[in-house]
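Participant: One structure follows; several queries about it will come next.
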Amino acid sequence: MATATPTSTPTPQAPAVNRLNRQLPDYKGLPSTLCAGCGHDVITGQIARAYWESGVEPWSLAKLSGIGCSSKTTAYFLSKSHGFNAVHGRMAAIAAGVTAANRRLALIGVSGDGDTASIGFSHFLHTVRRNVRMVYVIENNGVYGLTKGQFSATADRGSVRKGGVDVNESYPIDCCALAIEMGCSFVARSFSGDTKQLLQLLKAAIAHPGMAVLDVVSPCITFNNHEGSTKSYKFAKAQEDPLHEIGFVPHFEPMLVDVDPGKTKVIDLPDGGKITLTKLATDYDPANRAGALNLLAQDKIERRFHTGLIYHNPSPSLSFIEQMGMVDEPLATLPQSSTRPGREVLEQVMESLS
Ligand SMILES: Cc1ncc(C[n+]2csc(CCOP(=O)(O)OP(=O)(O)O)c2C)c(N)n1
Ligand code: SF4
Ligand SMILES: [Mg+2]
Numbered sequence: 029m030a031t032a033t034p035t036s037t038p039t040p041q042a043p044a045v046n047r048l049n050r051q052l053p054d055y056k057g058l059p060s061t062l063c064a065g066c067g068h069d070v071i072t073g074q075i076a077r078a079y080w081e082s083g084v085e086p087w088s089l090a091k092l093s094g095i096g097c098s099s100k101t102t103a104y105f106l107s108k109s110h111g112f113n114a115v116h117g118r119m120a121a122i123a124a125g126v127t128a129a130n131r132r133l134a135l136i137g138v139s140g141d142g143d144t145a146s147i148g149f150s151h152f153l154h155t156v157r158r159n160v161r162m163v164y165v166i167e168n169n170g171v172y173g174l175t176k177g178q179f180s181a182t183a184d185r186g187s188v189r190k191g192g193v194d195v196n197e198s199y200p201i202d203c204c205a206l207a208i209e210m211g212c213s214f215v216a217r218s219f220s221g222d223t224k225q226l227l228q229l230l231k232a233a234i235a236h237p238g239m240a241v242l243d244v245v246s247p248c249i250t251f252n253n254h255e256g257s258t259k260s261y262k263f264a265k266a267q268e269d270p271l272h273e274i275g276f277v278p279h280f281e282p283m284l285v286d287v288d289p290g291k292t293k294v295i296d297l298p299d300g301g302k303i304t305l306t307k308l309a310t311d312y313d314p315a316n317r318a319g320a321l322n323l324l325a326q327d328k329i330e331r332r333f334h335t336g337l338i339y340h341n342p343s344p345s346l347s348f349i350e351q352m353g354m355v356d357e358p359l360a361t362l363p364q365s366s367t368r369p370g371r372e373v374l375e376q377v378m379e380s381l382s
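Sequence positions in the sequence shown follow the working numbering and run 29 to 382.
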């Protein structure tokens with residue numbers, strides 16, 4: 029005789045929430061219109077998760093971008109945040125304006141290797157050297173994906189275009205090396221196929237009190253995923269060499285892991301958060317600026333591809349708005365008496381200049 033197995037109704041699990049009692053879907057955006065399998069979509073998912081885990085209020089954030097498949101992605105995360113989609117290559121300049129107008133907004137900019145290293149290159153460099161406080165993500169696929177796969181300025185010398193005919197003869201621009209040269213205090217490289225590392229780097233970048241540049245190799249599966257490309261998924265997967273295993277503990281969470289000082293270096297951040305770097309094959313010190321530049325130069329020669337926190341200065345220089353002496357209040361909330369000084373004030377200024 030068959031016996032009935034007792035069944036019970038499973039207890040519904042409460043959805044996971046962050047410290048603001050918000051769920052992960054609160055940090056998502058519109059459905060992506062990119063090609064299925066595009067590396068950029070993976071980065072979008074990690075950006076949403078990083079802000080969720082960091083407990084940032086969506087309305088306290090502004091998302092900025094330029095033009096390109098990568099620049100479209102700001103529509104696909106944090107739909108409750110502010111957003112500005114600039115013309116091609118001008119995202120960095122807009123970011124400087126946004127932070128000057130309202131320093132209380134946190135900023136994330138998403139750009140492509142074309143948007144940043146070609147048409148927007150001077151804006152990128154000056155924004156780095158002015159230390160505009162923002163997370164600046166470069167979704168680096170070595171091509172102009174949106175306009176059908178021309179080589180970008182980050183394409184390695186000798187890379188072959190889809191179809192196997194065109195070979196890139198120009199030297200590549202390394203946005204990480206240039207960012208270090210321009211005084212950036214947080215420079216990281218990652219790969220869209222390494223989601224665990226990318227998430228930790230994004231969270232550390234969000235907590236960083238200065239400009240944080242993240243160059244993420246993000247394969248364009250439609251135009252740059254073939255033999256002869258050094259930004260294909262297969263090449264990146266084989267060549268990715270993490271410098272360390274990175275962890276991040278935000279200021280509002282206790283540090284629960286036991287740290288072996290021989291293996292793990294803990295970096296204390298000004299807000300109380302911590303970055304942990306656990307040694308892998310070799311010792312790497314991201315505080316050594318010359319060492320970081322040397323690593324990147326060697327990578328270029330040897331066609332290697334190191335990922336992780338490449339350079340970090342725990343005491344960044346004054347940010348752009350601090351250098352400018354901007355007031356704390358958003359400019360739009362200031363009274364006319366502050367924004368339109370009268371004739372006497374202008375006369376005093378002229379007098380002081382004579
Ligand atoms: C002023 C201007 N010049 C050229 C273009 C054409 N254009 C659109 S996107 C793009 C390059 C995009 O490449 P990238 O920034 O690497 O983004 P991806 O599509 O690869 O993610 C170019 C040249 C444009 N939109 N505006
Ligand atoms: S063309 Fe390339 S970069 Fe653009 S969405 Fe498709 S796979 Fe992504
Ligand atoms: Mg590109």
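A virtual CB, placed ideally from N, CA and C, is assigned to each residue, including glycine.
Computed from a predicted model, the values in this text were never measured in an experiment.
Exposed or buried, what is residue 263 when buried is set at 16 or more other beta-carbons lying within 10 Å of its beta-carbon?
Facilitator: The residue labelled residue 263 in the question sits at position 235 within the sequence shown. That one is buried.
Participant: Quick one: Cα of residue 277 to Cα of residue 380, how far?
Facilitator: On the sequence shown, residue 277 is found 249 positions in, with the first residue counted as 1. On the sequence shown, residue 380 is found 352 positions in, with the first residue counted as 1. So the alpha carbons of these two residues sit roughly 50 angstroms apart.
Participant: On the DSSP bridge list, what partners appear for residue 339?
Facilitator: Numbered from its first residue, the sequence shown carries residue 339 at position 311. Answer is 215.
Participant: Hey, could you find the ends of the beta strand (DSSP E) residue 168 is sitting in?
Facilitator: Your numbering for residue 168 matches position 140 in the sequence shown. That run of the beta strand (DSSP E) goes 163-168.
Participant: What residue ranges within the stretch 55-91 form continuous alpha helix (DSSP H) runs of no fewer than 4 residues, ordered along the chain?
Facilitator: Listed in chain order, the complete alpha helix (DSSP H) runs (minimum 4 residues) inside the stretch 55-91 are 67-82.
Participant: Between 134, 372, 163 and 66, which has its C-alpha nearest residue 358's C-alpha?
Facilitator: Position 330 of the sequence shown holds residue 358. Comparing Cα positions, the closest option is 134.
Participant: May I ask you to list the residues that DSSP assigns as paired with residue 314?
Facilitator: Working through the sequence shown from its first residue, we reach residue 314 at position 286. DSSP output for residue 314 lists no bridge partner at all.
Participant: What are the boundary residues of the alpha helix (DSSP H) that residue 176 is part of?
Facilitator: Taking the sequence shown and counting its residues from 1, one reaches residue 176 at position 148. From DSSP, residue 176 is part of no alpha helix (DSSP H); its letter is neither H nor E.
Participant: Can you have a look at residue 81 and say buried or exposed, based on whether 16 or more other CB atoms are within 10 angstroms of its CB?
Facilitator: Position 53 of the sequence shown, counted from the start, is the residue given in the question as residue 81. Per the 10 Å Cβ criterion, buried.
Participant: Flag residue 218 as yes when its Cβ comes closer than 7 angstroms to any non-hydrogen atom of ligand 3, and as no otherwise.
Facilitator: Position 190 of the sequence shown holds residue 218. Because no heavy atom of ligand 3 lies under 7 angstroms away, the Cβ of residue 218 does not count as near it: no.
Participant: For residue 251, which of helix, strand or coil comes out of DSSP?
Facilitator: In the sequence shown, residue 251 corresponds to position 223, counting from 1. Coil, per DSSP.
Participant: Would you say residue 69 touches ligand 3, meaning its beta carbon is less than 7 angstroms from a heavy atom?
Facilitator: Taking the sequence shown and counting its residues from 1, the one referred to as residue 69 is at position 41. Answer for residue 69: no, Cβ out of range of ligand 3.
Participant: Select from 117, 170, 131 and 167 the residue whose C-alpha is nearest the C-alpha of residue 152.
Facilitator: Within the sequence shown, the letter at position 124 stands for residue 152. Nearest of 117, 170, 131 and 167 to residue 152, Cα basis: 117.
Participant: Alpha carbons only, please: which of 239, 126 and 296 is nearest the one belonging to residue 345?
Facilitator: By one-based count along the sequence shown, residue 345 stands at place 317. The option with the nearest alpha carbon to residue 345 is 239.
Participant: Let me check understanding here. Comparing Cα to Cα, which of 356, 207, 174 and 132 lies closest to residue 101?
Facilitator: Position 73 of the sequence shown, counted from the first residue, corresponds to residue 101. Among 356, 207, 174 and 132, the Cα nearest to that of residue 101 is on 174.
Participant: Can you have a look at residue 189 and say buried or exposed, based on whether 16 or more other CB atoms are within 10 angstroms of its CB?
Facilitator: As a working mapping, residue 189 is identified with position 161 in the sequence shown. Looking at its Cβ environment, which holds 16 or more other Cβ atoms inside 10 Å, residue 189 is buried.
Participant: For residue 131, does the count of other Cβ atoms within 10 angstroms reach 16, so buried, or fall short, so exposed?
Facilitator: Along the sequence shown, read from residue 1 onward, the residue named residue 131 stands at position 103. Answer is buried; the Cβ neighbour count reaches 16.
Participant: By a C-beta neighbour count over all protein chains shown, 10 Å radius and 16 as the cutoff for buried, is residue 228 buried or exposed?
Facilitator: The count along the sequence shown starts at 1 and reaches residue 228 at position 200. Residue 228 comes out buried.
Participant: Quick check: does the Cβ of residue 169 come within less than 7 angstroms of any heavy atom belonging to ligand 3?
Facilitator: As a position in the sequence shown, residue 169 is number 141, starting the count at 1. Correct: residue 169 has its Cβ closer than 7 angstroms to ligand 3.
Participant: Would you report the Cα separation of residue 96 and residue 149, rounded to the nearest angstrom?
Facilitator: The sequence position of residue 96 within the sequence shown is 68, counting from 1. The sequence position of residue 149 within the sequence shown is 121, counting from 1. Whole-angstrom Cα-Cα distance: 15 angstroms.
Participant: CB residue 270 to CB residue 335, shorter than 8 angstroms?
Facilitator: Against the sequence shown, residue 270 aligns to sequence position 242. Against the sequence shown, residue 335 aligns to sequence position 307. Yes, the pair counts as a contact, with Cβ atoms nearer than the cut-off.
Participant: Taking its Cβ as the centre, do 16 or more other Cβ atoms sit within 10 Å of residue 37, making it buried, or is it exposed?
Facilitator: In the sequence shown, counting from the first residue as 1, residue 37 sits at position 9. Exposed is the call here.
Participant: Check for me: the beta strand (DSSP E) holding residue 307 runs from which residue to which?
Facilitator: Here residue 307 refers to the residue found at position 279 of the sequence shown. Unbroken beta strand (DSSP E) run through residue 307: 302-307.
Participant: Would the C-beta of residue 313 count as close to ligand 3, meaning under 7 angstroms from any of its heavy atoms?
Facilitator: Working through the sequence shown from its first residue, we reach residue 313 at position 285. No, since every heavy atom of ligand 3 falls outside the 7 angstroms radius drawn around the Cβ of residue 313.
Participant: Would you list the residues sitting across from residue 227 in a DSSP beta bridge?
Facilitator: By one-based count along the sequence shown, residue 227 stands at place 199. According to DSSP, residue 227 bridges with nothing at all.
Participant: Mind checking whether the beta-carbon of residue 202 lies closer than 7 angstroms to any heavy atom of ligand 5?
Facilitator: No copy of ligand 5 appears in this structure; the ligands present are ligand 1, ligand 2 and ligand 3.
Participant: Whose CA, out of 205, 128, 225 and 147, lies closest to the CA of residue 322?
Facilitator: Translated into positions along the sequence shown, residue 322 becomes position 294. Residue 322 has its Cα closest to that of 205, out of 205, 128, 225 and 147.
Participant: Reducing DSSP to helix, strand and coil, say where residue 256 ends up.
Facilitator: Walking along the sequence shown from the start, residue 256 turns up at place 228. DSSP places residue 256 in coil when its eight states are reduced to three.
Participant: Measuring CA to CA, which of 154, 170, 342 and 216 is closest to residue 301?
Facilitator: Here residue 301 is taken as the residue at index 273 of the sequence shown, counted from 1. Nearest C-alpha to residue 301: 342.
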